[in-house]
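**Q**
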Amino acid sequence: MDWLELLKLFIGFFVANVLGYGGGPASIPLMYREVVTNYEWSTAAEFSNILALGNALPGPIATKIAAYVGYDVGGVVGTIVALIATIVPSAVALIVLLKVLRKHRQSNVVKGIGLLVQPVIAIMMLVLTWEMGQSSIESIGWLQSILIAAVAFWAMQMKKIHPAIVMIAAFAYGGIVLPYI
1 MDWLELLKLF IGFFVANVLG YGGGPASIPL MYREVVTNYE WSTAAEFSNI
51 LALGNALPGP IATKIAAYVG YDVGGVVGTI VALIATIVPS AVALIVLLKV
101 LRKHRQSNVV KGIGLLVQPV IAIMMLVLTW EMGQSSIESI GWLQSILIAA
151 VAFWAMQMKK IHPAIVMIAA FAYGGIVLPY I
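Take 1 as the starting number for the sequence shown in the working numbering and just add one per residue.
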């Protein structure tokens, strides 16, 4: 394993997680940019699979993506480097910010920061959804993509089925049905 590749792995996940204000959902588009666009460690379709697998497992999504990509890029050492880059900045920032927030919790500035960042996170998730949707359409076509999205929406919003169960059903559909279509 090349030390330069490990450094890139650290930088990629460090940047994504330091700038990912709001937790996992906010850092996913940033990870996508680092993993797929900047360093080309995976394709958009592979990242979609990593994200789906990570969402199906318990625990924070950012650490699961880091562990998967880190292992893919650099084995066990790559996993450790990616996880350190993902976890340590958040832990240090949490400790520092908790002290600051505790002192200024009633400040309008602190309240405003949280409210103003939410639309940015929503747009980042929308852009990621668009890019992943394009990847899906390219690989399985419009009809299958729309059908799967509609069924997933119906199951989660109308029937209140847990997202993990919907994703397992989508995995099963993709593994059992799609290869024969």
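Think of the CB as a built atom: it goes at the ideal place given N, C-alpha and C, for glycine as much as any other residue.
Where does Ser48 sit, in a helix, a strand or coil, going by DSSP?
**A** One-based indexing of the sequence shown puts residue 48 at position 48. Three-state result, Ser48: helix.
**Q** What's the gap between the Cα of Asp2 and the Cα of Val77?
**A** Position 2 of the sequence shown, counted from the first residue, corresponds to residue 2. Position 77 of the sequence shown, counted from the first residue, corresponds to residue 77. Their backbone Cα atoms lie some 11 Å apart in a straight line.
**Q** Use the C-beta contact count for Gly141: other C-beta atoms within 10 angstroms, 16 or more gives buried, fewer gives exposed.
**A** Residue numbering aside, residue 141 sits at position 141 when the sequence shown is read from its first letter. Exposed.
**Q** So, are the CB atoms of Ser216 and Ala44 less than 8 Å apart?
**A** The requested residue 216 is not part of the displayed model; the chain covers only 1 to 181.
**Q** Return the Cβ separation of Ser48 and Met132 in integer angstroms, given the expectation that the two are a contact with Cβ distance under 8 Å.
**A** Counting from 1 along the sequence shown, the entry for residue 48 is found at position 48. Counting from 1 along the sequence shown, the entry for residue 132 is found at position 132. Contact holds; Cβ gap of about 5 Å.
**Q** By Cβ distance, which residues of its chain are closer than 8 Å to Ala169, with the 5 residues on each side in sequence left out?
**A** One-based indexing of the sequence shown puts residue 169 at position 169. The residues are Ala155.
**Q** Does the beta carbon of Tyr180 fall short of 7 Å from some heavy atom of the ligand MN?
**A** Ligands displayed in this structure: none; no statement on the ligand MN is therefore possible.
**Q** Using alpha carbons as the reference points, say which of Val69, Thr79 and Ala26 lies closest to Glu40.
**A** Counted from its first residue, the sequence shown places residue 40 at position 40. The shortest Cα separation from Glu40 among Val69, Thr79 and Ala26 belongs to Val69.
**Q** Going by CA-CA distance only, name the one from Met125, Leu115 and Gln118 that's closest to Leu51.
**A** Residue mapping note: residue 51 aligns to position 51 of the sequence shown, counting from 1. Selected option, being the one with the closest Cα: Met125.
**Q** For a test of the three-state rule: what should DSSP assign to Leu83, helix, strand or coil?
**A** Working through the sequence shown from its first residue, we reach residue 83 at position 83. The answer is helix: DSSP assigns Leu83 an H, G or I state.
**Q** Which whole runs of the alpha helix (DSSP H) in the stretch 103 to 146 are 4 residues long or more, in chain order?
**A** Runs of the alpha helix (DSSP H) inside the stretch 103 to 146: 108 to 140.
**Q** Would Pro89 and Phe14 be called neighbours here (beta carbons separated by less than 8 Å)?
**A** If you number the sequence shown from 1, residue 89 lands on position 89. If you number the sequence shown from 1, residue 14 lands on position 14. Contact: yes.
**Q** Apply the 10 Å Cβ neighbour rule to Glu34 and answer buried if 16 or more other Cβ atoms are within range, or exposed otherwise.
**A** Counting from 1 along the sequence shown, the entry for residue 34 is found at position 34. Buried is the call here.
**Q** Pop quiz: Ala82 and Ala67 are said to be a contact at Cβ under 8 Å. What is the actual Cβ separation, rounded to whole angstroms?
**A** As a first step, residue 82 must be located in the sequence shown, where it is residue number 82. As a first step, residue 67 must be located in the sequence shown, where it is residue number 67. So it is a contact: roughly 7 Å between Cβ atoms.
**Q** Please check the pair Ala62 and Asn108, which I expect to be a contact at CB under 8 Å, by giving their CB distance rounded to whole angstroms.
**A** Translated into positions along the sequence shown, residue 62 becomes position 62. Translated into positions along the sequence shown, residue 108 becomes position 108. Actually they do not touch by this definition, with Cβ atoms about 30 Å apart.
**Q** Which stretch, first to last residue, makes up the alpha helix (DSSP H) that contains Tyr173?
**A** Taking the sequence shown and counting its residues from 1, the one referred to as residue 173 is at position 173. First-last of the alpha helix (DSSP H) with Tyr173: Pro163 to Ile176.
**Q** Report the rounded CA-to-CA distance for Val96 versus Ile28, giving the unit in angstroms.
**A** The sequence position of residue 96 within the sequence shown is 96, counting from 1. The sequence position of residue 28 within the sequence shown is 28, counting from 1. Distance between the alpha carbons of Val96 and Ile28 is about 23 Å.
**Q** To the nearest angstrom, report how far apart Val151 and Val166 are at their CA atoms.
**A** Walking along the sequence shown from the start, residue 151 turns up at place 151. Walking along the sequence shown from the start, residue 166 turns up at place 166. Approximately 9 Å between the Cα atoms of the pair.
**Q** Label Ile65 either buried or exposed according to how many other C-beta atoms from any shown protein chain fall within 10 Å of its C-beta, with 16 as the threshold for buried.
**A** Taking the sequence shown and counting its residues from 1, one reaches residue 65 at position 65. Answer is buried; the Cβ neighbour count reaches 16.
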